[in-house]
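What follows is a set of notes on a single structure, which appears directly below.
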Amino acid sequence: MARWLPRSADLTRFCQKLNRVKTLEDDMMETSFNRCLSTIDLTLLGIGGMVGSGLYVLTGTVAKEIAGPAVIVSFIIAGFASLLAALCYAEFGARVPKTGSAYMFTYVSVGEIWAFLIGWNVLLEYMIGGAAVARAWSGYLDSIFNHKIKNFTETHVGTWQVPFLARYPDFLAAAVLLVATAFISFGAKVSSWLNHVFSAISMGVILFILITGFILAQPKNWSTQEGGFAPYGLSGIMAGTATCFYAFVGFDVIAASSEEARNPQRAVPRAIACSLGLATGAYILVSVVLTLMVPWHTLDPDSALADAFYRRGYAWAGFLVAAGSICAMNTVLLSNLFSLPRIVYAMAEDGLFFQVFSRVHPRTQVPVIGIVVFGLLMALLALVFDLEALVQFLSIGTLLAYTFVAASIIVLRFQQQKVDAPAPAAGGRPSPEPREGPSAGELKEYESFSDKLQLVDREKSKEHREPGQLKAAFEPYLEFLSDFYPGEVVTVAVVTLMVSAVCLCSILVFGDTHLHLPTWSYSLLLVLFSLGFLLSLLLIWAHEQQHNTQTFQIPLVPLSPALSIILNIYLMLKLSYMTWLRFAVWLLLGLLVYFGYGIWHSKENLREPRPQRVSARYVVFPSGSLEERVQAVQPSSQPTTGPPDADTDDCKR
1 MARWLPRSAD LTRFCQKLNR VKTLEDDMME TSFNRCLSTI DLTLLGIGGM
51 VGSGLYVLTG TVAKEIAGPA VIVSFIIAGF ASLLAALCYA EFGARVPKTG
101 SAYMFTYVSV GEIWAFLIGW NVLLEYMIGG AAVARAWSGY LDSIFNHKIK
151 NFTETHVGTW QVPFLARYPD FLAAAVLLVA TAFISFGAKV SSWLNHVFSA
201 ISMGVILFIL ITGFILAQPK NWSTQEGGFA PYGLSGIMAG TATCFYAFVG
251 FDVIAASSEE ARNPQRAVPR AIACSLGLAT GAYILVSVVL TLMVPWHTLD
301 PDSALADAFY RRGYAWAGFL VAAGSICAMN TVLLSNLFSL PRIVYAMAED
351 GLFFQVFSRV HPRTQVPVIG IVVFGLLMAL LALVFDLEAL VQFLSIGTLL
401 AYTFVAASII VLRFQQQKVD APAPAAGGRP SPEPREGPSA GELKEYESFS
451 DKLQLVDREK SKEHREPGQL KAAFEPYLEF LSDFYPGEVV TVAVVTLMVS
501 AVCLCSILVF GDTHLHLPTW SYSLLLVLFS LGFLLSLLLI WAHEQQHNTQ
551 TFQIPLVPLS PALSIILNIY LMLKLSYMTW LRFAVWLLLG LLVYFGYGIW
601 HSKENLREPR PQRVSARYVV FPSGSLEERV QAVQPSSQPT TGPPDADTDD
651 CKR
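Under full-length UniProt numbering, the first residue of the sequence shown is numbered 1, with each subsequent residue one higher.
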């Protein structure tokens with residue numbers, strides 16, 4: 001029976017396959033896409049992804065039901081929290097100017113299976129998000145015409161009462177998605193131009209709302225007679241922050257478009273900063289205007305802005321607000337349809353998803369098959385499914401992506417610069433030739449050794465240390481950590497930090513309500529997990545990190561990504577258990593796709609060296625010239641004449 005159990009070597013190799021990272025090309029500017037997008041194009045794409053129907057609906061809902069006029073503070077805090085995640089995306093987008101967004105960032109730093117799961121969740125996030133916005137677009141337009149479209153459909157097509165299906169088919173929502181899909185398939189420049197038109201109209205309406213609103217403002221609406229500025233207190237402000245946070249989730253479209261930017265090293269960070277700053281300013285100023293025009297407790301949550309103008313005697317302004325809302329929703333639709341096929345393309349290009357989606361049209365230079373297929377799927381979702389129960393998927397998918405991108409920033413910042421392996425020869429077998437002889441002072445690496453065994457003939461320098469190595473100031477106190485390979489301790493510390501963050505947030509969220517912990521154990525667990533989080537943070541900080549002045553780098557690493565991680569985990573744990581249950585089912589489906597297809601077709605398989613017969617011993621001497629002694633026993637790099645299977649078996653024995 002024991003012979004059926006997997007051997008430890010097989011398990012180790014399997015785990016290595018799951019955690020292998022993507023090897024980047026030397027020239028990352030080379031692409032099959034058309035690099036035609038400027039900083040302004042990317043900025044407007046980001047604004048279009050963030051300033052959608054939330055500006056016209058979310059502000060009124062949070063102001064009336066959650067925070068009152070203090071919704072302004074909620075948006076300020078939410079904007080700062082989003083800035084932590086946005087800066088992580090900005091560094092990766094400038095450093096790795098490839099499409100794929102969070103999927104690509106996780107793949108180059110954390111590992112393959114984690115990248116696939118992030119991409120799998122982002123895929124669902126964009127599909128549900130686009131379909132939900134299309135239904136909101138349809139409902140908003142229908143309300144302008146007194147629900148005549150809905151009544152006509154129910155009368156002539158019929159209704160049904162089936163779980164997870166909408167009450168009636170929404171043909172208008174499906175039609176607008178199909179039209180948007182057609183425009184997106186014409187190329188990045190056409191998509192950008194269309195986004196410019198809708199964004200210009202939307203920003204013009206917002207400017208009108210702000211100017212007219214400040215003219216009509218009445219400061220007494222913040223007075224104590226109307227309930228004061230923060231009627232729900234600090235708890236209402238923080239609850240409003242959790243809701244407002246999701247208004248800023250559209251900036252990742254900029255990172256997904258980095259492979260089509262002319263100068264991504266400069267354009268991506270600038271576009272993310274500008275779009276997030278403008279979107280935050282728009283949300284804050286509209287909240288100020290809205291709560292000053294009419295008392296916050298009299299707002300209509302469904303159409304707060306239009307109702308506020310109507311009550312102040314500007315009924316005609318409601319049509320402008322409706323036009324701005326529809327244009328804003330159009331930009332969100334374009335943002336979703338623009339990003340989704342490019343993430344699918346990145347997964348297919350790496351071999352983790354079906355290869356048909358990696359085809360790029362030679363004339364339009366966009367992944368047309370992915371655009372059409374997922375545009376049709378999105379239209380089908382909007383046509384027949386009840387999306388209200390699925391909308392919370394948007395939250396959990398986005399927060400999970402933010403968490404892994406923040407962790408990836410820490411891991412990548414403390415890693416040594418990787419040297420690309422030689423390209424595989426015909427048949428997928430890597431070239432057996434050793435690398436060219438290194439110059440004085442460089443690392444000398446042999447292909448027949450383990451990837452981590454590097455032969456160096458120089459002593460450690462106190463003046464210059466590689467990224468991932470312990471800082472000289474901490475070596476006397478943490479000398480036992482200096483024996484680890486550079487970056488290994490940081491990776492373990494990042495895992496410990498994330499586990500501590502999950503435990504700490506679980507106690508904060510469930511300690512009183514679900515776990516009913518006594519005060520002493522609640523306090524003790526908070527202290528223990530806080531110490532684990534802080535010690536992990538300090539251990540990471542005690543190591544050297546990369547200092548790259550050529551591209552943008554997020555400041556205060558590892559503190560900034562760590563704050564983003566703990567905030568995202570806290571917000572994820574605040575979601576309902578049904579969201580987590582559906583999320584688990586979707587993850588299981590993703591694992592079936594990965595183990596059934598992705599792991600076998602991954603292009604990183606071609607880069608892995610095949611094991612060869614090695615008949616030599618490597619001896620590490622305590623002194624002397626290590627390089628010269630190892631060269632004496634270095635096996636010949638000529639390929640063996642025996643069959644590959646025999647070589648593999650000899651190595652395993």
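By construction, the Cβ of each residue, glycine as well, lies at the ideal position given by its N, Cα and C atoms.
According to the neighbour-count rule (16 or more other Cβ atoms, all chains shown, within 10 Å of its Cβ), is residue i buried or exposed?
| i | result |
| --- | --- |
| K220 | exposed |
| P467 | buried |
| W137 | buried |
| C88 | buried |
| R413 | buried |
| C505 | buried |
| R7 | exposed |
| R363 | exposed |
| G642 | Model confidence at G642 stands at a pLDDT of 46, short of 50, so the residue's coordinates are unreliable and nothing is read from them. |
| V620 | Confidence at V620 is low in this model, with a pLDDT of 49, below 50, so the placement of that residue is unreliable and no value is reported for it. |
| V411 | buried |
| Y577 | exposed |
| S450 | Residue confidence is low: S450 scores 41 on pLDDT, short of 50, so the model does not pin down where it sits. Its coordinate-derived value is still stated next. S450 should be labelled exposed. |
| A279 | buried |
| G624 | With a pLDDT of 47 at G624, under the threshold of 50, the modelled position of this residue cannot be trusted; read the value that follows with caution. So G624 counts as exposed. |
| V585 | exposed |
| G119 | buried |
| K462 | Confidence at K462 is low in this model, with a pLDDT of 48, below 50, so its placement is unreliable and no value can be given for it. |
| F510 | exposed |
| S439 | The pLDDT assigned to S439 is 39, lower than 50, so where the model puts this residue is not dependable, and the model offers no usable value. |
| E30 | exposed |
| P341 | buried |
| N146 | exposed |
| V494 | buried |
Since I believe residue j is in contact with residue i (beta carbons under 8 angstroms), could you give me their beta-carbon distance rounded to a whole number of angstroms?
| i | j | result |
| --- | --- | --- |
| A67 | Y232 | 6 angstroms |
| T99 | Y345 | 6 angstroms |
| A304 | L290 | 6 angstroms |
| I272 | A406 | That belief does not hold up - the Cβ atoms of I272 and A406 are roughly 15 angstroms apart, past 8 angstroms. |
| E112 | E604 | 7 angstroms |
| S275 | T59 | Wrong, their Cβ atoms sit about 19 angstroms apart, outside the cutoff. |
Please identify the residue among the options whose C-alpha is closest to the C-alpha of residue i.
| i | options | result |
| --- | --- | --- |
| G46 | E260, R312, V157, G250 | G250 |
| I76 | E544, L305, T241 | T241 |
| F552 | P264, L575, L83, F414 | P264 |
| A115 | F595, Y103, F529 | Y103 |
| V96 | L470, S202, N605, Q550 | Q550 |
| E226 | K64, V268, E260 | K64 |
| M293 | Y107, W586, A217, N151 | A217 |
| V108 | F80, F92, F595 | F92 |
| A131 | V332, G213, A282 | V332 |
| L399 | N568, I554, F245, T224 | N568 |
| S38 | V179, T61, R262 | R262 |
| W296 | W222, I201, N605 | W222 |
| F309 | T12, Y597, Y56 | Y56 |
| E259 | A188, I215, S235 | A188 |
| G324 | H601, F198, S143, G60 | F198 |
| A501 | S536, V253, G79 | S536 |
Any Cβ of chain C within less than 8 angstroms of the Cβ of residue i?
| i | result |
| --- | --- |
| Q553 | Considering every chain present, this structure includes no chain C. It has just one protein chain. |
Check for me: the alpha helix (DSSP H) holding residue i runs from which residue to which?
| i | result |
| --- | --- |
| L528 | 519-541 |
| S143 | 112-144 |
| K189 | 188-215 |
| F105 | 102-107 |
| W580 | 577-593 |
| R13 | 8-18 |
| S325 | 317-349 |
| F414 | Element bounds for F414: n/a, residue is neither H nor E. |
| residue 667 | The question about residue 667 has no answer, for the chain in this structure spans 1 to 653. |
| V179 | 171-184 |
| T99 | T99 -> no alpha helix (DSSP H), and no H or E assigned at all. |
| residue 658 | Past the boundaries of the shown model lies residue 658; the chain is included only from 1 to 653, so the question cannot be answered. |
| K22 | Unbroken run through K22: none, as it is neither H nor E. |
| E154 | 148-156 |
| F510 | 488-510 |
Which residues share a DSSP beta bridge with residue i?
| i | result |
| --- | --- |
| L37 | A261 |
| F385 | L165 |
| L470 | H543 |
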